[in-house]
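The numbers in the UniProt record's numbering rise by one with no breaks, and the one at position 105 of the sequence shown is 105.
Just so you know, even glycine gets a beta-carbon here, dropped at the ideal spot from N, CA and C.
Just so we're clear, the structure is a prediction, and the values are computed from it rather than from any experiment.
A quick write-up on the structure given underneath.
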Amino acid sequence: MCLAPAASWADEAKAEAPKGLWERETLTGDWGGLRSGLEDRGVKVNAAYTAEALGNAAGGIKRRAVGNALLQVDVDADLEQAVGWKGGAFHVTGLHIQGRQLSANFIGNLIPVRDIEAAPSTRLFSLWLQQSVLDDKVSLRFGQLPMQEEFFNSAVAANLINSAFGWPPSFAANLPSGGGGYPLSNLGARLKVQATDRLAVQAGLFTGNVAPGTNAGGDAQKRNRSGTDYNADEPPMWMGEMQYGLNQGKGAAGLPQMVKLGGWYYNGRATDQRWDISGVSLGSNAAGSAKTHRGNWALYGIYDGMLLREAGTDDLGLSGFFRVTALPEDRNQMPFYFDAGLSYKGPFEGRDDDVVALGFAFGRMSPALAARDADARRFGTATAPDHDYEAAVELSYRYQVTPWLTVVPDVQYVVHPGGGHHPAGELRQDHSRRHGAGPADGVQAVGSCGFRRRRLYLAGGTGRGVTTP
């Protein structure tokens, strides 16, 4: 009679035994029950630490290796579970950024080769409340919202580390202060409606300039180092997106596919790429203030989908993505951009969590900007650049060492860093006009307590990821 309960207790104790360091989901485990206790009350605390070494092996401004690090801490709360607020949710993200910027200081390209590259700072990245109704089919989110986390997302492209495969360079180059891309974010609100199982639409209203004003070097990140310099007086920006997905649920018989169409409109002024207010070319020494246009806009499309699935699995196999943006040529430095790529999850036997990914990014510079360059050369400026395009190729392998530790070797090749050709010495002298080609190598370490985020020259790198809290 006593043997059966004893066996049951033994089985229960065995089932509840904590996992070892290399098997558990996070580096620091359950904190003596505190983590699971918080989660039972609807609160999740996560963090991720990324550390890396990257080097520019050839070309660009200067051959150099640098170290970067990013600590990101996230807190999420289900307010219904925590305080009884039905349909309520809360989220906050803080960043601590360290290291030198390889692209800005040593390559001179327009598109950073690493998506965590930024000016060293400790900053607030996001802070929002959300109300969901109608069984979560309608949600309103408001507060400090990074636009890159709300719009223009690709799950497949997120396997690559070049910044181009996150917030697109055509938005970063053309919106005031780079728009709402890492590490900056906007005040705003986003409304999302899941109209059917396949169709969702969302729209957002944001502050159009995340770091207004001017400073030495024109660095928006340094104008808003803390992420809390709010200015609601700036012209607004609207963004909208339609999402159509097939076979999105786990266990769906068909291959998951997603198509997104969207765009944005900025209600402020945009600077002409060629002419001043009197119709004189900006390439002339006689030019005055640049002509400005009322408003700016963009259209975009995204395809994200699985192309081949291994039999008997949900997510192992080949996936692909394609993204494209288009903007007016007269007021945008990079009016056309596209990227595409492939990824394969589980490329080798016994490595189901590994991912190998290949991506290509291409940004065409404005013909109006190229015409201004030609004007400058005709007017005698021998050092004037010749803008045409910037492109990048990236090959990455994500090696999952443990559930909380990832190593990411990465190599990139950048064509025309800076968007074209520069006369000798100009790349070094003017980082706002960057041209050339070059290689880089590095080692990246990623420590994660529950976060992940999503750059041309030859670049190589290695990364490690750690999940701590």
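Residue i, DSSP secondary structure in three states
i, result
"residue 324", "strand"
"residue 365", "coil"
"residue 18", "coil"
"residue 302", "strand"
"residue 106", "helix"
"residue 128", "strand"
"residue 297", "strand"
"residue 425", "Because the pLDDT at residue 425 is just 48, under 50, the model does not fix this residue reliably, and the value given afterwards should be weighed accordingly. Coil at residue 425, not helix or strand."
"residue 74", "strand"
"residue 52", "strand"
"residue 98", "strand"
"residue 371", "helix"
"residue 69", "strand"
"residue 342", "strand"
"residue 319", "strand"
"residue 27", "coil"
"residue 281", "strand"
"residue 64", "strand"
"residue 386", "strand"
"residue 184", "coil"
"residue 309", "strand"
"residue 58", "coil"
"residue 87", "coil"
"residue 178", "helix"
"residue 33", "helix"
Proximity below 8 angstroms, CB of residue i to CB of residue j
i, j, result
"residue 297", "residue 342", "no"
"residue 162", "residue 392", "yes"
"residue 302", "residue 323", "yes"
"residue 239", "residue 262", "yes"
"residue 109", "residue 385", "no"
"residue 176", "residue 125", "no"
"residue 120", "residue 99", "yes"
"residue 180", "residue 152", "no"
"residue 191", "residue 203", "yes"
"residue 193", "residue 138", "yes"
"residue 255", "residue 294", "no"
"residue 404", "residue 25", "yes"
"residue 271", "residue 286", "no"
"residue 266", "residue 218", "no"
"residue 61", "residue 97", "no"
"residue 69", "residue 41", "no"
"residue 278", "residue 372", "no"
"residue 390", "residue 359", "no"
"residue 160", "residue 396", "yes"
"residue 260", "residue 241", "yes"
"residue 84", "residue 131", "no"
"residue 283", "residue 339", "no"
"residue 47", "residue 67", "no"
"residue 189", "residue 141", "yes"
"residue 185", "residue 227", "yes"
"residue 49", "residue 34", "no"
Spatial neighbours of residue i in its chain, beta-carbon cut-off 6 angstroms, leaving aside the 5 residues before and after
i, result
"residue 212", "231 and 234"
"residue 380", "none"
"residue 44", "76"
"residue 30", "36"
"residue 243", "200 and 260"
"residue 224", "211"
Chain B contact for residue i (CB, 8 angstroms cutoff)
i, result
"residue 359", "Annotation note: the requested chain B is absent from the structure, which comprises a single protein chain."
Sequence-distant residues of the same chain with beta carbon closer than 8 angstroms to residue i, five excluded per side
i, result
"residue 366", "273, 329, 330, 332, 333, 334, 335 and 387"
"residue 38", "44 and 45"
"residue 316", "309, 310, 345, 346 and 352"
"residue 154", "165, 302, 304, 321 and 323"
"residue 18", "24, 29 and 30"
"residue 20", "none"
"residue 253", "247"
Spatial neighbours of residue i in its chain, beta-carbon cut-off 7 angstroms, leaving aside the 5 residues before and after
i, result
"residue 86", "80"
"residue 314", "250 and 251"
"residue 127", "92, 143 and 144"
"residue 178", "172, 184 and 220"
- Query: Could you give the uninterrupted runs of the alpha helix (DSSP H) lying entirely in the segment 191-277, keeping only those of 4 residues or more?
  - Reply: 220-223
- Query: Going along the chain, which unbroken runs of the beta strand (DSSP E) with 3 or more residues stay wholly within the segment 389-418?
  - Reply: 389-402, 405-407 and 410-415
- Query: Below 8 angstroms, can you find three or more Cβ-Cβ pairs linking the segment 134-150 to the segment 167-182?
  - Reply: yes
- Item | Three CB pairs or more closer than 8 angstroms across the segment 89-109 and the segment 69-81 | yes
- Item | Within the segment 107-174, ranges of the beta strand (DSSP E) (whole runs, at least 3 residues) | 121-133 and 138-145
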